[in-house]
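In our numbering, the protein residues as written are 1441 to 1605.
Virtual Cβ for every residue (Gly too), placed ideally from N, Cα, C.
This report concerns only the one structure given below.
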């Protein structure tokens, strides 16, 4: 099992920061791009409407699931005092007949959540066990939830894990 840990400082009407990964051993799991500051700014709503969601797709991950078994990538977060909504999904380009696994639907990141599947059924053999994908974050807020001036900023510690399925 390999873990990538990202520190995300999230402000609805503010910012997100994703740091570099931990080093990998036999299995490889790393950021190809991104891994630095990410700013998601949810714009204030006009009278009678809701704020517009903000998104970012500047981080790409790479994996080599050398477990000898089908594998998966999971995500979890810790965000004490979370006031707003943050979502993530993984976009994986088609890699041909070798197969790459199954992309799961968008996951809502909630404080204290258990690991949720982000990408499953990664093949155990080459070429399918290796791949890359883009992490797509989406920040959302509703007028009824207030804003960062009322609730302070959300801070997320997001952990990605690759493990045998």
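- The residues 1482, 1578, 1579 and 1580, in chain order, have a CB closer than 7 Å to that of residue 1493 in the same chain once the five nearest residues on each side in sequence are set aside.
- In its chain, beyond the 5 residues on either side, 1532, 1534, 1562, 1563, 1568 and 1571 have a beta carbon closer than 8 Å to the beta carbon of residue 1540.
- Under the Cβ criterion (8 Å, minimum of three pairs), the region 1495-1511 does not count as touching the region 1545-1558.
- As the crow flies, the alpha-carbon of residue 1598 is around 30 Å from that of residue 1489.
- Cβ atoms of residue 1513 and residue 1602 come within 8 Å of each other, at about 5 Å.
- By the neighbour-count criterion, in which 16 or more other beta carbons inside 10 Å mark a residue as buried, residue 1501 falls on the buried side.
- DSSP places residue 1603 in the uninterrupted beta strand (DSSP E) bounded by 1594-1604.
- Comparing alpha-carbon positions, the option among 1467, 1479 and 1469 lying closest to residue 1595 turns out to be 1479.
- In the structure shown, residue 1583 falls within a helical segment according to DSSP collapsed to helix, strand and coil.
- Counting only runs of 3 or more residues that sit fully inside the region 1528-1570, the beta strand (DSSP E) segments are 1547-1549 and 1556-1562, in chain order.
- Going by C-alpha positions, residue 1474 is about 5 Å away from residue 1498.
- Taking C-beta atoms under 8 Å as the contact rule, residue 1551 and residue 1510 fail to qualify, at a distance of about 30 Å.
- For the set 1469, 1527, 1515 and 1604, the Cα lying nearest the Cα of residue 1496 is the one of 1527.
- Short of 8 Å from the beta carbon of residue 1586, and not among the five residues preceding or following it, lie these beta carbons of its own chain, in chain order: 1523.
- Inter-residue distance for residue 1529 and residue 1487 is about 31 Å (C-alpha atoms, whole angstroms).
- The residues 1559, 1560 and 1561, in chain order, have a CB closer than 8 Å to that of residue 1542 in the same chain once the five nearest residues on each side in sequence are set aside.
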